[in-house]
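Chains H and B, in that order, are what the protein sequence lines are.
For the numbering used here, count along the first sequence from 1 and bump the result up by 13.
For the numbering used here, count along the second sequence from 1 and bump the result up by 4.
Beneath this line is the structure, given in structure tokens, with notes to follow.
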Amino acid sequence: MIGAMLSEAWMAMGANRLRTILTMLGMVIGVCAVILMLAVGQGAQQQVQASIASMGSNLFIILSGSTTSGGVRMGGGATPTLTLADAQAIEELPSVFAVAPSSPGTAQLVYGPNNWSTQVIGTLPSFLTVRDWRLSAGFPFTDSDVRSATRVALLGQTVVRNLFGDEDPVGKTIRIRNSPYVILGVLGAKGQSLDGRDQDDTVLVPVTTAQRKLFGTQFAGTVRFIMAQAESAEVMSAVEKSINELLRQRHRIREGAENDFSVRNLTAMANTAAETAQVMSMMLGAIASVSLLVGGIGIMNIMLVSVTERTREIGIRMAIGARGKDILLQFLLEAIIISVIGCLIGVLLGVGGALAVSKASGMAVLITMASIVTAFVVAATVGIFFGWYPARKASLLRPIDALRFQ
Amino acid sequence: MPEAHEMSANPVIRIERLYKEYVTDAGSVPVLKDVATTVMPGEFIAIMGPSGSGKSTFMNILGCLDVATSGTYLLNGRDVNTQSGDELAHLRNQVIGFVFQGFNLLPRASLEDNVALPLIYSGIPRAERMVRANEMLEKVGLGSYRRSRPNQISGGQQQRVAIARALVNRPKLILADEPTGNLDTHTSQEIMALFTELNERDGITIVLVTHESDIAAHARRLVRLSDGCIVYDGLVVHAAPAHLETTS
Ligand SMILES: Nc1ncnc2c1ncn2[C@@H]1O[C@H](COP(=O)(O)OP(=O)(O)OP(=O)(O)O)[C@@H](O)[C@H]1O
Ligand SMILES: [Mg+2]
Numbered sequence: 014m015i016g017a018m019l020s021e022a023w024m025a026m027g028a029n030r031l032r033t034i035l036t037m038l039g040m041v042i043g044v045c046a047v048i049l050m051l052a053v054g055q056g057a058q059q060q061v062q063a064s065i066a067s068m069g070s071n072l073f074i075i076l077s078g079s080t081t082s083g084g085v086r087m088g089g090g091a092t093p094t095l096t097l098a099d100a101q102a103i104e105e106l107p108s109v110f111a112v113a114p115s116s117p118g119t120a121q122l123v124y125g126p127n128n129w130s131t132q133v134i135g136t137l138p139s140f141l142t143v144r145d146w147r148l149s150a151g152f153p154f155t156d157s158d159v160r161s162a163t164r165v166a167l168l169g170q171t172v173v174r175n176l177f178g179d180e181d182p183v184g185k186t187i188r189i190r191n192s193p194y195v196i197l198g199v200l201g202a203k204g205q206s207l208d209g210r211d212q213d214d215t216v217l218v219p220v221t222t223a224q225r226k227l228f229g230t231q232f233a234g235t236v237r238f239i240m241a242q243a244e245s246a247e248v249m250s251a252v253e254k255s256i257n258e259l260l261r262q263r264h265r266i267r268e269g270a271e272n273d274f275s276v277r278n279l280t281a282m283a284n285t286a287a288e289t290a291q292v293m294s295m296m297l298g299a300i301a302s303v304s305l306l307v308g309g310i311g312i313m314n315i316m317l318v319s320v321t322e323r324t325r326e327i328g329i330r331m332a333i334g335a336r337g338k339d340i341l342l343q344f345l346l347e348a349i350i351i352s353v354i355g356c357l358i359g360v361l362l363g364v365g366g367a368l369a370v371s372k373a374s375g376m377a378v379l380i381t382m383a384s385i386v387t388a389f390v391v392a393a394t395v396g397i398f399f400g401w402y403p404a405r406k407a408s409l410l411r412p413i414d415a416l417r418f419q
Numbered sequence: 005m006p007e008a009h010e011m012s013a014n015p016v017i018r019i020e021r022l023y024k025e026y027v028t029d030a031g032s033v034p035v036l037k038d039v040a041t042t043v044m045p046g047e048f049i050a051i052m053g054p055s056g057s058g059k060s061t062f063m064n065i066l067g068c069l070d071v072a073t074s075g076t077y078l079l080n081g082r083d084v085n086t087q088s089g090d091e092l093a094h095l096r097n098q099v100i101g102f103v104f105q106g107f108n109l110l111p112r113a114s115l116e117d118n119v120a121l122p123l124i125y126s127g128i129p130r131a132e133r134m135v136r137a138n139e140m141l142e143k144v145g146l147g148s149y150r151r152s153r154p155n156q157i158s159g160g161q162q163q164r165v166a167i168a169r170a171l172v173n174r175p176k177l178i179l180a181d182e183p184t185g186n187l188d189t190h191t192s193q194e195i196m197a198l199f200t201e202l203n204e205r206d207g208i209t210i211v212l213v214t215h216e217s218d219i220a221a222h223a224r225r226l227v228r229l230s231d232g233c234i235v236y237d238g239l240v241v242h243a244a245p246a247h248l249e250t251t252s
């Protein structure tokens, strides 16, 4: 019975080939758009999550200078108020796992005929712990390097690539601002940060070396920012509070006066970014779903025309024994075939399109089985839903009315 | 001889106090008024009457394509008024074969597919459908046209295909509303010969509507309708001469 109905549905669709194809096109475009949008949205989401994972967990960044100072908004770290001693004191707070004071600056690096301008961060060995950053070669510098302000450096992957090419940099000497530095190790790859910067384009040196020999500071012992890692996500707010209290006390800030530093919860900011990416991804999907809906309405439109055109045929079938449900099934099958075939083509085009987009523009795309299945199921449901009404309309015709229809 | 046999059997059709009104914008129009009749198995009945007298309306009700406004209609002993839509479809599929003036074949389907169509709705597998459809096409003399389309054959041939389709489910009752109305005299006689054979050899009960006395002459019983009432019901030979047809 179903077999006979399938071949009849196929025949009916073949009788009006152009119309069938155009109806299908609505479905194809809808499914294709959904798959493409989901791929782009989820790709972006995945990239954000990778950046967050590369950042390290339960992180605070403490910047010197207040966010507002005497009514004038100051950039973070404008006036150096944080010191290495502050960092040490923070490290002794309960629930603080590791602290890394940092003094960044820009410098020209030279190795042989190659030179490269990049960010050089003066910091402590704990920086690697805080940022959860492993070395891919060599060893980190130690506390004794910090004490004696030796000229040693760890290079990020991008720096290595630009200065050394395929050469092994460990043990080699480069010149930073014309002074020789020995390369102790190479940092593992981190990729893009949340704000889109290349985290691998960086050099780490002991903070004392940076302060005394590389950049120099007007205020001895100050750092631009301090990174602190809490022991767990649960203690984040308690730690934030105690850092604030400690620094106010240490900086002798009177009750009611403004902070000369600011504490930012990087992990919370990252989570916000992740949520934003997710909302974006969902919105893209929702917009694409509208085209799926339009495709469904297209099916309904064509099916309604088809029912009207074939009213006499419906009458003949009823006169020789077709039940209402036989007629219903026949028209529903046509809608299902159109939507399912449209779906399949849409999935193929969507996946192909997503791959082409990522190839052409370098945009991150992520095609998941779940998104394909979702698009398929939604599209098939839309087809059946919109096919249902015309099919039911046909099945409710009275035989004599259908036969008399001109 | 068939008379005695018929009397002992249960009637195929029993109709009492049948009324039909069409509701139009201008109000309700009574078309059938208190019609009563009984059809026994094996009968061959011609229904005649002037245009607009309600013949088609009556046939559509007999064929379960339309419902009466009031009255009783027992088909095969079953009260049609109490049947559900699906049960009516089953009756149209299994008990009745309907033949239309305009043939009503599906234009896109081949002749064998057209004939096999009722079997789809009886749930018969494809192989058997094709065997039976071709048997029926052979029976009406169109075995060699099985793959043709309706628009590739003549009107008389199309009506034969329609008859084959009506017969394919081996119904008890054939209802034909002016089956020869679109055909010339010669072709009409061929179709009538086919009906006569079905009635005499296979014992199928036939009720047909016609405007022509020489078509009606093939039947044994004549029912004459006028203005929605049965004005004559008896043997064909006792029918009024054809010239009275137009004046009644
Ligand atoms: N669907 C309908 N709605 C309203 N009136 C109708 C409808 N069908 C038929 N009639 C009316 O009912 C009456 C009987 O029609 P019917 O078709 O039964 O006549 P008939 O005897 O078959 O005529 P003919 O010999 O011309 O085929 C006519 O007056 C017709 O106008
Ligand atoms: Mg008529």
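A virtual CB, placed ideally from N, CA and C, is assigned to each residue, including glycine.
Remember, predicted model here, so these are calculated numbers, not experimental data.
A distance below 8 Å between beta-carbons, with the five flanking residues on each side excluded, links proline 412 of chain H to the following residues of its chain, in chain order: Gly328, Met331 and Ala332.
By a beta-carbon distance limit of 8 Å, arginine 169 of chain B does not contact glycine 145 of chain B. Their separation comes to about 15 Å. For threonine 200 of chain B, DSSP records no beta bridge to any residue.
DSSP places methionine 63 of chain B in the helix class (H, G or I) of the three-state scheme. Collapsing the DSSP output to three states places cysteine 45 of chain H in a helix. A residue is called buried once 16 or more other Cβ atoms fall within 10 Å of its Cβ, and glutamate 204 of chain B, having fewer, is exposed. Annotation: glutamate 182 of chain B is outside any beta strand (DSSP E) and is labelled neither H nor E by DSSP. Looking only at B/Gly185, B/His190 and B/Ala221, the smallest Cα-Cα distance to threonine 200 of chain B is reached by B/Ala221. When beta bridges are read from the DSSP output, proline 193 of chain H appears opposite H/Arg188. Contact between proline 111 of chain B and asparagine 155 of chain B holds, with the beta-carbon distance rounding to 6 Å and staying under 8 Å.
Distance from leucine 200 of chain H to glutamine 170 of chain H at the Cβ level is roughly 7 Å; contact confirmed, criterion being Cβ atoms closer than 8 Å.
With a cut-off of 6 Å, the C-beta of valine 35 of chain B is classified as near ligand 1, since at least one heavy atom of the ligand falls inside that distance. Contact annotation: glycine 308 of chain H and glycine 43 of chain H have beta-carbon atoms nearer than 7 Å. Interface residue (Cβ-Cβ distance to chain H less than 7 Å): leucine 69 of chain B is classified as such.
Here tryptophan 129 of chain H carries a strand assignment [DSSP, helix/strand/coil]. Counting along the chain, proline 122 of chain B sits inside the alpha helix (DSSP H) bounded by residues 115–124. Relative to ligand 1, the beta carbon of threonine 36 of chain H is positioned no closer than 6 Å to any heavy atom.
In this structure, leucine 123 of chain B places its C-beta atom within 7 Å of the C-beta atom of arginine 133 of chain B.
For the C-beta of alanine 290 of chain H, not a single chain B residue is nearer than 9 Å; the gap to the nearest is close to 53 Å. Look at glycine 209 of chain H here: in three-state DSSP terms it is coil, with no helix or strand label.
Under the DSSP definition of a beta bridge, aspartate 99 of chain H lacks any partner. At a beta-carbon threshold of 7 Å, the residues of chain B lying near alanine 17 of chain H are Ile124 and Arg130, ordered along the chain.
By DSSP's assignment, valine 112 of chain H forms a beta bridge with H/Ala241.
Taking the Cα positions, leucine 121 of chain B is about 17 Å away from threonine 324 of chain H.
In this structure, DSSP gives methionine 14 of chain H a state outside helix and strand, which the three-state scheme calls coil.
With respect to chain H, the C-beta atom of phenylalanine 107 of chain B has no partner C-beta closer than 7 Å. According to DSSP, residue pairing for valine 353 of chain H in a beta bridge does not occur. In the structure shown, glutamine 121 of chain H falls within a strand segment according to DSSP collapsed to helix, strand and coil. Only Glu326, Gly328, Ile329, Arg330, Met331, Ala332, Ile333, Gly334, Ala335, Arg336, Gly337, Lys338 and Asp339 from the segment 326–340 of chain H bring a Cβ to less than 9 Å from some Cβ of chain B. The beta carbons of glycine 185 of chain B and glutamine 98 of chain B sit no closer together than 7 Å. Placement of the Cβ of lysine 59 of chain B at a distance of less than 6 Å from at least one heavy atom of ligand 2 is found. One finds Arg112 in chain B with Cβ atoms closer than 7 Å to the Cβ of alanine 28 of chain H, taken in chain order. Three or more beta-carbon pairs separated by less than 8 Å are not found between the segment 13–22 of chain B and the segment 89–98 of chain B, which leaves the two stretches without contact. The three-state secondary structure of glutamate 271 of chain H, taken from DSSP, is coil. It is roughly 42 Å from the alpha-carbon of proline 193 of chain H to the alpha-carbon of glutamate 258 of chain H. For leucine 121 of chain B, the closest Cβ of chain H is nearer than 7 Å.
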